[in-house]
Amino acid sequence: MLDPLQTSLRIAASGLQAQSTRLRVVSENIANAQSTGPSAGADPFARKTVSFESEVDRASGANLVEVRAIGVDESPFRLERDVGNPAADADGMVKMPNVDVLVELADMREANRSYEANLQVAKQSADMLSQTIALMKDA
Amino acid sequence: MSIYLFQVASQKSEWLSARQTAVASNVANVNTPGYRALDVQPFSAVLNTSPLAMASTNIGHLTPAISPLDSLRTIEADPSEETLSGNSVNLEQQMINLGDTSRDFSMTSNIRRAFHQLILSSLK
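Residue numbers (the numbering used here), protein chains in the order written: chain U, 1 to 139; chain E, 140 to 263.
Laid out in structure tokens, this is it:
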């Protein structure tokens, strides 16, 4: 059995990784919020979604977290009238990505908050480990 | 007497480490759908259960490694709130638990250090 403090460091690391993947996907969505299709009438960028799942680590029995899948949002694309756009179809309508920047920003803040919480756990665990080591220093 | 204190201090640190692991998995899974928050059973429950070791009367007997903290198992925490996705982790509560754990751990290790110095000074 692994040391519980080292296990908690590993768990916090898995949380950090999952949340940073989520931030990466959010930034992809925001960056492509205006990315239309390559040709006339083609589908634009589709919003990506992240889902997490809890995974039991066999060595320590701890509940790690990992990204289960990066999916695609199936909601319909916005239609905008823009005749001069290269991606406009015969009627002058352009399919815009189904990205709502407000939703992405909210998601970003939540990922940020969870990341900070995991970082705090990692800091505390490392701190507790060094306290134990410090017991031997002045012996 | 002081030997006993060291044993209790060691049990307390082990219990706090296990609690830290529970908090860490709760915080890591704060956005996982369907995850239920965990906690360890209270320290008094760990102290009150004294595990019985099996006597080995023959060289061929296996001695199972019984840690005094085998009774230390995780229980499902009392869910104070639940999100729409079935997650029962309350991040604020977890941060409070984290602070508690850290403070108790410092206290335990400082008490241990104090008693160690006490013993050392009686030897000198």
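For every residue, glycine included, the Cβ atom is placed at its ideal position computed from N, Cα and C.
Is it buried or exposed for Ser75/U, if we count other Cβ within 10 angstroms and need 16 for buried?
-> The residue is exposed, with fewer than 16 neighbouring Cβ atoms inside 10 Å.
Q) What residues in the region 156-171 of chain E bring their beta carbon closer than 7 Å to a beta carbon of chain U? A) Within the region 156-171 of chain E, Ser156, Ala157, Gln159, Thr160, Val162, Ala163, Ser164, Val166, Ala167, Asn168, Val169, Asn170 and Thr171 place their CB atoms closer than 7 Å to a CB of chain U, listed in sequence order.
Strictly under 8 Å for the Cβ-Cβ distance: is Pro207/E near chain U by that measure?
With a pLDDT of 45 at Pro207/E, under the threshold of 50, the modelled position of that residue is not reliable, and no figure is offered here.
Between which two residues does the beta strand (DSSP E) carrying Asp178/E extend? Leu177 to Val179
**Study point:** Strand pairing of Asn63/U, partner residues [DSSP]
**Key:** Val56/U
Select from Lys263/E, Ala148/E and Glu153/E the residue whose C-alpha is nearest the C-alpha of Ser8/U.
Glu153/E
Next on the checklist: Please identify, using Cβ separations under 8 Å, the residues of the region 226-250 of chain E that lie next to chain U, in order along the chain.
Outcome noted: Contact annotation: in the region 226-250 of chain E, residues whose CB is within less than 8 Å of a CB in chain U are Leu230, Gln233, Met234, Leu237, Thr240, Ser241, Phe244, Ser245 and Ser248.
Handout entry: Run of the beta strand (DSSP E) containing Val101/U, from where it starts to where it stops
Key = Counting along the chain, Val101/U falls outside any beta strand (DSSP E), though it belongs to the alpha helix (DSSP H) covering Val101 to Ala134.
### Task
Pick helix, strand or coil for Arg81/U, following the three-state DSSP scheme.
DSSP places Arg81/U in strand when its eight states are reduced to three.
Comparing the C-beta of Ser75/U with each C-beta of chain E, is any distance below 8 Å? no
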